[in-house]
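Inspection log for the structure reproduced underneath, given as structure tokens.
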Amino acid sequence: MEIALAAAEKAWREHGDVPVGAVILDPRGAVIATGVNKRELDRDPTAHAEIVAIREAGALLENWRLDGCTLVVTLEPCAMCAGAILQSRITRLVFGAWDEKAGAVGSVVDLVRDPRALTKVEVITGVFAERSSALLKEFFATTRS
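With the first letter of the sequence shown counted as 1, position 33 gets the number 32 in numbering that gives the first Met the number 0; the numbers rise by one all the way through.
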């Protein structure tokens, strides 16, 4: 989560994107991909940190199936990212702050743990939640003032 938080802050400071960072670990626990929000930088509404990291991991592994991999992200994934997590076959999701407006892993809906989902994902919540939330609050307070 430390790596994801550092990446999130960098995304904000370097290109003004909402500070969300994601890291993908292989089955042995080695970092194989890092992603940050790049919606502003790339002018791409799908360039969420999770999607960026999933694409990088798939390219590195030369496979769209990320079986056995863990996605660590600073903010609860949205519906788009939850769908990508399921489609990529990620085994474990770890996230920090809850997203009460757009969260799709328990806050608003729970797509990842829906019993009808095609794959099963272990979910671990609240890891460094206060730090993740504080970074987002600082970002929005700064950009809205």
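For each residue, glycine too, the CB sits at the ideal point set by N, CA and C.
On a predicted model such as this, the values are computed, not experimentally measured, just so you know.
Exposure of residue i, with buried meaning 16 or more beta-carbon neighbours within 10 Å
i: residue 98; result: buried
i: residue 138; result: buried
i: residue 114; result: exposed
i: residue 140; result: exposed
i: residue 18; result: buried
Residues of its chain near residue i, where Cβ-Cβ distance is below 6 Å and the 5 sequence neighbours each way are ignored
i: residue 2; result: 22
i: residue 116; result: 85
i: residue 63; result: 57
Cβ neighbours of residue i in the same chain (closer than 8 Å, five flanking residues each side left out)
i: residue 128; result: 95, 96, 97
Extent of the continuous alpha helix (DSSP H) run through residue i
i: residue 84; result: 78-87
i: residue 40; result: 38-41
i: residue 51; result: 48-60
i: residue 142; result: 128-143
i: residue 4; result: 1-14
Integer Cβ distance of residue i from residue j, believed to fall under 8 Å
i: residue 88; j: residue 59; result: With a Cβ gap of about 15 Å, residue 88 and residue 59 do not count as contacting.
i: residue 36; j: residue 46; result: 7 Å
i: residue 68; j: residue 90; result: 6 Å
i: residue 39; j: residue 70; result: Incorrect: roughly 22 Å between the Cβ atoms, too far for contact.
Nearest residue (CA-CA) to residue i, options the options
i: residue 43; options: 16, 20, 32, 0; result: 16
i: residue 41; options: 14, 30, 56; result: 14
i: residue 103; options: 120, 76, 38; result: 76
i: residue 133; options: 123, 112, 74; result: 74
i: residue 107; options: 25, 9, 81; result: 81
i: residue 28; options: 0, 54, 131, 135; result: 0
i: residue 131; options: 143, 118, 72; result: 72
Element boundaries [beta strand (DSSP E), containing residue i]
i: residue 67; result: Unbroken run through residue 67: none, as it is neither H nor E.
i: residue 121; result: 121-123
i: residue 92; result: 91-96
i: residue 21; result: 20-24
i: residue 34; result: 30-35
Same chain, Cβ closer than 7 Å to residue i, neighbours up to 5 away in sequence not counted
i: residue 122; result: 92, 104, 111, 112
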